[in-house]
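According to my numbering, the sequence shown is numbered sequentially starting from 37.
Cβ coordinates follow ideal geometry from the N, Cα and C atoms, glycine included.
Computed from a predicted structure; not experimentally measured.
The next block holds one structure in the form of structure tokens; read it before the comments.
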Amino acid sequence: MKQTLLLLPGDGIGPEVIAEALRICQLVAPDIAVEEALVGGASIDRHGVPLTDETLERASKADAILLGAVGGPKWQGVARQNRPEAGLLGLRKGLDVFANLRPAYCFSSLVDASSLKRDRVEGLDIMIVRELTSGVYFGQPRGVDTDENGNRRGYDTSVYTAPEIERVARVALEIARGRDGRVCSVDKANVMESGQFWRDEVTTVHQTHGEGVELSHMLADSCAMELVREPKQFDVILADNLFGDLLSDAAAMLTGSIGMLPSASLGTEGTPGLFEPVHGSAPDIAGKGIANPCAAILSLEMALRWSLARPDAADRVMGAVARALEAGARTSDLGGTLSTTAMADAIIDCL
Ligand code: IPM
Ligand code: MG
37 MKQTLLLLPG
47 DGIGPEVIAE
57 ALRICQLVAP
67 DIAVEEALVG
77 GASIDRHGVP
87 LTDETLERAS
97 KADAILLGAV
107 GGPKWQGVAR
117 QNRPEAGLLG
127 LRKGLDVFAN
137 LRPAYCFSSL
147 VDASSLKRDR
157 VEGLDIMIVR
167 ELTSGVYFGQ
177 PRGVDTDENG
187 NRRGYDTSVY
197 TAPEIERVAR
207 VALEIARGRD
217 GRVCSVDKAN
227 VMESGQFWRD
237 EVTTVHQTHG
247 EGVELSHMLA
257 DSCAMELVRE
267 PKQFDVILAD
277 NLFGDLLSDA
287 AAMLTGSIGM
297 LPSASLGTEG
307 TPGLFEPVHG
317 SAPDIAGKGI
327 ANPCAAILSL
337 EMALRWSLAR
347 PDAADRVMGA
357 VARALEAGAR
367 TSDLGGTLST
377 TAMADAIIDC
387 L
């Protein structure tokens with residue numbers, strides 16, 4: 037049966053970078069059927085909502101989904117539950133892609149693009165496993181109202197159930213097994229009830245499912261510091277939804293540019309994965325044709341590897357990106373002058 041890749045280019049630089057990933061896909065896996073749908077602001081403009089039932093339905097029937105980015109100043113005035121970001125969150129929740137893999141590796145040719153010194157980042161290879169469908173992003177109650185003293189207040193709830201922690205912790209342990217065998221779980225157990233619970237549950241999961249993997253725990257603030265002090269100490273970092281969001285942006289910059297980083301969001305076996313660059317819609321450079329397409333192309337690489345079972349095609353893409361960088365191909369975020377399309381051309385030349 038033919039495999040299907042659903043493209044959701046979204047907003048801002050999303051369509052620009054996804055167009056380049058599509059060109060690469062057609063070269064390395066021409067038999068994959070590619071479909072396209074709207075998400076985020078693009079969907080609001082057409083349908084009035086950031087994610088339609090039909091798009092979610094099509095996404096759940098695809099073998100993999102490649103998303104560009106959502107959001108932009110144009111939709112800032114819209115009510116929160118109808119903003120472009122709500123489309124992305126709805127997609128993550130609707131597909132139940134609870135494990136978000138955010139690799140932060142430093143291509144050797146980009147070592148000097150990092151804001152840290154060469155010896156700190158040379159050979160860096162971290163995998164952040166972020167819980168993606170629960171925690172404070174989805175916890176109830178949440179809202180803005182007035183308390184009994186007449187004071188306006190805003191609140192969110194950080195809540196995790198044991199099964200939610202268990203399933204993402206097992207993914208982190210499994211991934212560590214195929215790497216250096218170390219998981220560092222991050223929380224605020226010193227302050228938060230849900231943080232101590234996270235730590236206790238991860239410890240329990242490790243006792244039953246952690247054979248061959250070393251588990252350590254770190255406070256989230258400390259982890260932020262260690263990421264910029266001695267990032268190579270980490271192998272796999274396991275974090276909840278909010279801490280994973282923060283730490284993955286910090287880790288991204290270690291590698292030279294957030295324009296380089298892909299991500300994979302995975303659910304249970306047999307369900308489609310959602311693949312997206314870690315960078316956002318970058319409204320400041322949207323439409324200029326200068327965005328770095330590498331994160332989108334490497335997100336395609338992850339889709340080929342994790343959802344489409346095409347490790348050979350994935351290896352080809354990865355090799356071509358590395359060689360193009362070695363040959364000096366650079367977009368402006370990496371200190372170069374290449375346009376989005378020229379960067380992709382350089383990668384295609386190396387395929
Ligand atoms: C990310 C982004 C999203 C998040 C936004 C756009 C909702 O920052 O994927 O890291 O907070 O999860
Ligand atoms: Mg983020």
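Collapsed DSSP secondary structure at residue i in the structure displayed
| i | result |
| --- | --- |
| Pro29 | Outside the shown range of the chain, which is 37 to 387, sits residue 29, and nothing can be said about it. |
| Ser144 | helix |
| Asp67 | coil |
| Glu262 | helix |
| Pro267 | helix |
| Met37 | coil |
| Pro139 | strand |
| Arg94 | helix |
| Ala365 | coil |
| Thr291 | coil |
| Arg218 | strand |
| Asp161 | strand |
| Pro45 | strand |
| Thr244 | helix |
| Ser105 | Residue identity check: residue 105 is Ala in the sequence provided, not Ser. Strand. |
| Thr182 | strand |
| Tyr196 | coil |
| Ile326 | coil |
| Arg189 | strand |
| Val172 | helix |
| Asp89 | helix |
| Leu283 | helix |
| Glu305 | coil |
| Pro177 | coil |
| Arg116 | helix |
| Leu152 | coil |
| Asp381 | helix |
Alpha-carbon to alpha-carbon, residue j and residue i
| i | j | result |
| --- | --- | --- |
| Gln62 | Ile384 | 11 Å |
| Val180 | Thr197 | 24 Å |
| Gly113 | Ala55 | 29 Å |
| Pro120 | Gly77 | 5 Å |
| Ala350 | Gln176 | 40 Å |
| Gln269 | Glu247 | 21 Å |
| Leu263 | Gly171 | 23 Å |
| Glu72 | Arg188 | 43 Å |
| Glu210 | Leu361 | 31 Å |
| Ile273 | Val314 | 16 Å |
| Asp369 | Pro199 | 40 Å |
| Gly372 | Ala331 | 16 Å |
| Pro45 | Phe174 | 24 Å |
| Arg215 | Leu58 | 29 Å |
| Asp161 | Gly295 | 17 Å |
| Gly123 | Val85 | 8 Å |
| Asp81 | Met338 | 30 Å |
| Lys153 | Val249 | 30 Å |
| Arg265 | Ala288 | 14 Å |
Member of the options whose CA lies at the smallest distance from the CA of residue i
| i | options | result |
| --- | --- | --- |
| Thr307 | Ser284, Lys97, Gln232 | Lys97 |
| Thr169 | Val264, Leu152, Ser230, Ser301 | Ser301 |
| Glu158 | Tyr141, Trp111, Val85 | Tyr141 |
| Gly292 | Asp183, Gly323, Asn328 | Asn328 |
| Glu93 | Arg82, Gly126, Asp271 | Gly126 |
| Ser194 | Gly355, Asp320, Gln232 | Gln232 |
| Ile60 | Val227, Leu336, Gly371 | Leu336 |
| Arg138 | Ala286, Thr88, Ala100, Leu387 | Ala286 |
| Cys386 | Ala378, Thr367, Gly355, Arg366 | Gly355 |
| Trp234 | Glu266, Ala275, Arg215 | Ala275 |
| Leu297 | Thr304, Val357, Ile321, Pro347 | Val357 |
| Val204 | Cys259, Val165, Met228, Gly190 | Val165 |
| Arg341 | Leu310, Trp111, Gly316 | Leu310 |
| Pro66 | Lys38, Arg154, Gly303 | Lys38 |
| Gly364 | Val75, Asp89, Ala382 | Ala382 |
| Thr377 | Ser150, Glu167, Lys324 | Lys324 |
| Ala260 | Glu250, Ser284, Lys153 | Ser284 |
| Trp111 | Arg178, Ser317, Arg206 | Ser317 |
| Ser343 | Asp183, Tyr191, Thr304 | Thr304 |
| Arg218 | Met228, Glu229, Arg206 | Arg206 |
| Leu43 | Pro267, Ala95, Val64, Ser79 | Ala95 |
| Ala380 | Ala345, Phe134, Leu334 | Leu334 |
| Arg178 | Asp192, Glu167, Gly186, Asn185 | Asp192 |
CB contact check: residue i to chain B, cutoff 8 Å
| i | result |
| --- | --- |
| Arg359 | Annotation note: the requested chain B is absent from the structure, which comprises a single protein chain. |
Give every residue whose Cβ lies closer than 5 Å to any heavy atom of ligand 1, listed in chain order. Glu121, Asp281
The region 240–247 contacting the region 269–281, beta-carbon criterion three pairs below 8 Å: no
Looking at C-beta atoms only, is the number of pairs between the region 246–261 and the region 210–225 that lie closer than 8 Å three or more? A contact is defined here as three or more CB-CB pairs under 8 Å, and the region 246–261 meets this definition with respect to the region 210–225.
Pair every Cβ in the region 100–118 with every Cβ in the region 135–152, then say whether three or more of these pairs are closer than 8 Å. no
I'd like to know if the region 126–138 and the region 229–241 are in contact, where contact means that at least 3 CB-CB pairs between them fall below 8 Å. No: fewer than three Cβ pairs fall under 8 Å.
The region 40–52 contacting the region 91–109, beta-carbon criterion three pairs below 8 Å: yes
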